[in-house]
DNA sequence: CTCAAATACCACTTCGGTGTAGTATTTGCA
DNA sequence: TGCAAATACTACACCGAAGTGGTATTTGAG
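Chains as they are written, first to last, in our numbering: chain A, -5 to 131; chain B, -5 to 131.
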């Protein structure tokens, strides 16, 4: 019942970048500020570029910046790009054919909790995050 | 954002046993009914015995039955025994020192969602599950 | 034009969750 | 009392996520 490490990193990185959403950030700076392994962060940045959240500038004085408005990037988009939405949309017991008509043992209690989970991910944008007080990145 | 496979199995098994909570269940029967690998289920049953949820009867005509009242077994207890409570109690971004005073970027939105998650696990007992209509185990 | 400093790419290692195999042990009944 | 049928235990295989290493490529400044 946790996000993958990669999703955790991605959200932390993008939240940090959202503080000043027009700035160009180097991998080196992000590594220092977020305390993530250099190699892992660089690999992840490439993935986030390919997913369309950010764009990379190569060469001297290169780095990364947002490729689109942070008001249009939601936590759900980030998680989906990295580990897939089925990780939190599906049946809590992993049953493919579980539904209201064909409920598993947890279905009844899980429905509302899952709705809350989905809503949290789908309604929280990086812009919203950038407006909250954040002490720990 | 999922339970481990082992937790999924454990909840499914115990939910099935809760239907008739005084009965003795053989591993063979459970494997047939729940469509779980024989070896994996047996190993898990031993773990659930050691965790105190069920007790095992060895020898011919052996099997498993509940070791305590299913009104006192909560989903949170099962998850805790198998993968540990920190898997859903902690910071969504995996930060050890995240708190109200030292919030991460998701803290504000996550607090209420996590509370809902915790409440779902801590307030759902096997007894409650046994009272709901279940079609798919 | 060359070099410094940045990102991109490919391959490999490590680790833990999942799953399998084989053997040992227990116990009731014919 | 021996056997059938059940659980217990130990070790290993597999696989994907996490993490590391080395090299190639890009590009602005002097």
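Just so you know, even glycine gets a beta-carbon here, dropped at the ideal spot from N, CA and C.
This structure is a prediction, so every number in the text was calculated from the model and none was measured.
For residue 36/B, the nearest beta carbon of chain A is not closer than 9 Å to its own beta carbon. Nearest in C-alpha terms to residue 22/A, of all of 37/A, 115/A, 82/A and 45/A, is 37/A. Judged by their CB atoms, residue 107/B and residue 110/A are nearer to each other than the 9 Å cut-off. Excluding five sequence positions before and after residue 75/B, the CB atoms of its chain that fall closer than 7 Å to its own CB belong to 45, given in chain order. If you compare the alpha carbons of 130/A, 121/A, 81/A and -3/A with that of residue 101/B, the shortest gap goes to 130/A. Every unbroken stretch of the beta strand (DSSP E) spanning 3 or more residues and falling wholly within the region 25 to 77 of chain B is given here in chain order: 48 to 51 and 57 to 60. Using a Cβ-Cβ cut-off of 8 Å, residue 131/A is close to 98 and 99 of chain B, given in chain order. For residue 84/B, at least one C-beta of chain A is nearer than 9 Å to its own C-beta. Shown here, residue 124/B sits in a helix according to DSSP, grouped into three states.
Annotation: the continuous alpha helix (DSSP H) that includes residue 115/A extends over 101 to 117. For the pair residue 1/A and residue 67/A, the CB atoms are not nearer than the 9 Å cut-off. Residue range -1 to 12 is occupied by the alpha helix (DSSP H) that includes residue 3/B. Residue -1/A reaches chain B at 88, counting residues in chain order whose Cβ is nearer than 9 Å.
Ranked by Cα distance from residue 56/A, the first of 43/A, 7/A and 19/A is 19/A. Residue 19/B has 58/B as its beta-bridge partners, per DSSP. Around residue 103/A, the beta-carbon contacts reaching into chain B at under 7 Å are 114 and 118.
For residue 26/B, no CB of chain A lies under 9 Å from its own CB, so it is not counted at the interface with that chain.
Burial of residue 10/A is indicated by the presence of at least 16 other C-beta atoms within 10 angstroms of its C-beta.
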